[in-house]
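Visitor:
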Amino acid sequence: MSNIYIQEPPTNGKVLLKTSAGDIDIELWSKEAPKACRNFVQLCMEGYYDGTIFHRVVPEFIVQGGDPTGTGTGGESIYGRPFKDEFHSRLRFNRRGLVAMANAGPHDNGSQFFFTLGRADELNNKHTIFAKVTGDTVYNMLRLADVECDGEERPLNPHKIRIAEVLHSPFDDIVPREIKKGKKEKDKEEGKKSQSKATKNFSLLSFGEEAEEEEEMVNQVSQTLKGKSKSRHDLLKKIIELSCSSS
Numbered sequence: 001m002s003n004i005y006i007q008e009p010p011t012n013g014k015v016l017l018k019t020s021a022g023d024i025d026i027e028l029w030s031k032e033a034p035k036a037c038r039n040f041v042q043l044c045m046e047g048y049y050d051g052t053i054f055h056r057v058v059p060e061f062i063v064q065g066g067d068p069t070g071t072g073t074g075g076e077s078i079y080g081r082p083f084k085d086e087f088h089s090r091l092r093f094n095r096r097g098l099v100a101m102a103n104a105g106p107h108d109n110g111s112q113f114f115f116t117l118g119r120a121d122e123l124n125n126k127h128t129i130f131a132k133v134t135g136d137t138v139y140n141m142l143r144l145a146d147v148e149c150d151g152e153e154r155p156l157n158p159h160k161i162r163i164a165e166v167l168h169s170p171f172d173d174i175v176p177r178e179i180k181k182g183k184k185e186k187d188k189e190e191g192k193k194s195q196s197k198a199t200k201n202f203s204l205l206s207f208g209e210e211a212e213e214e215e216e217m218v219n220q221v222s223q224t225l226k227g228k229s230k231s232r233h234d235l236l237k238k239i240i241e242l243s244c245s246s247s
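Sequential numbering of the sequence shown, starting at 1, is according to UniProt numbering.
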């Protein structure tokens, strides 16, 4: 057995995601990440994830889902506000099949989560690892990434969660809320509206200063070319010029 698996803490709690790519068994680290696990379990119990898509795929890196709007900009936690990160020394992004919270910055966790498709050391101490995919269902998890994507890491025909079932809850005191009828439909409509206005999101899975610099560079180009008709070639040329001047 690999040392990677030996050093991981024991799990407590189990969820089954029935997806369009097949069943995915998930075991929870509820002691090490209690807030994230409670949030995930309760949202599963409430049917919050049912019918949602995996809206982002980065080959050999991550598959992301958990947003009822399907845009990557929506979703909320059970706490009514973003909750804090939970890091543990024995939980590291050292392999595929880990389940972690997506966020837009420190302590900004909502409902979105992602699966790792490989080692991702750059995510350590930035995203809360709260569960792992177990058994042969890891191959179904990998199938989620076997899709064609556009230039924004969005699948053209995304896989989806058909239903999420909590097989064993480590929290006896959870009382699922009643999800208001039509709330999901409203979220999806709002997501469609925001999607048409959305720019590339550099912070949902943060890659540090490099991404921030790139975002600032793109914003500078946008301001420079505002009100002018420029070709893609001109835009790329301007980005290169800014890159050279900043180095």
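Ideal Cβ positions, reconstructed from N, Cα and C, are used throughout, including at glycine. A quick note: this is a predicted structure, and the numbers were derived from the prediction, not measured.
Looking at the unbroken alpha helix (DSSP H) that takes in Arg38, where does it start and where does it end?
Guide: Where Arg38 is concerned, the enclosing alpha helix (DSSP H) stretches over 34-45.
Visitor: Since Arg56 is in the beta strand (DSSP E), which residue starts that stretch and which ends it?
Guide: 56-58
Visitor: Roughly how many whole angstroms lie between the Cα atoms of Lys95 and Lys14?
Guide: The sequence as given places Arg at residue 95; Lys does not occur at that position. Roughly 20 Å separates the two Cα atoms.
Visitor: May I ask you to list the residues that DSSP assigns as paired with Leu16?
Guide: Asp25, Glu165
Visitor: Can you list, in chain order, the residues of its chain whose CB lies under 6 Å from that of Val166, leaving out five sequence neighbours each side?
Guide: Val15, Val41, Cys44, Met45.
Visitor: So the beta strand (DSSP E) Asn103 belongs to, where does it begin and stop?
Guide: 98-103
Visitor: Residues in its own chain within less than 7 Å of residue 265 by CB, not counting five upstream and five downstream?
Guide: It is not possible to answer for residue 265, since the shown part of the chain is limited to 1 through 247.
Visitor: DSSP on Thr137, reduced to helix/strand/coil?
Guide: helix
Visitor: Between the segment 50-57 and the segment 123-135, can you find at least three pairs of beta-carbon atoms closer than 8 Å?
Guide: no
Visitor: Using only CA atoms, which one of Val175, Ile174, Ser169, Lys160 lies nearest to Gly66?
Guide: Lys160
Visitor: Can you give me the start and stop residues for the beta strand (DSSP E) that Phe114 sits inside?
Guide: Here the beta strand (DSSP E) through Phe114 covers 109-116.
Visitor: For the beta strand (DSSP E) holding Gly66, just list the boundary residues, first then last.
Guide: Neither: Gly66 is in no beta strand (DSSP E) and is coded neither H nor E.
Visitor: Considering Cα atoms alone, identify which of Thr73, Ile62, Ala21, Asn12 is closest to Asp121.
Guide: Comparing C-alpha distances from Asp121 to each of Thr73, Ile62, Ala21, Asn12 shows the shortest one belongs to Ile62.
Visitor: Please work out which residues of its chain come closer than 6 Å, Cβ to Cβ, to Leu156, disregarding the five sequence neighbours upstream and downstream, and give them in chain order.
Guide: Glu148
Visitor: With a threshold of 16 other CB atoms inside 10 Å of the CB of Pro106, please say whether the residue is buried or exposed.
Guide: exposed
Visitor: Which partner residues does Ile174 have in the DSSP bridge list?
Guide: Ile174 pairs with nothing; no bridge assigned.
Visitor: Have a look at Pro82 and Thr73 and give me their C-alpha separation to the nearest angstrom.
Guide: 13 Å
Visitor: Within 10 angstroms of its Cβ, does Ile163 collect 16 or more other Cβ (buried), or is it exposed?
Guide: So Ile163 ends up on the exposed side.
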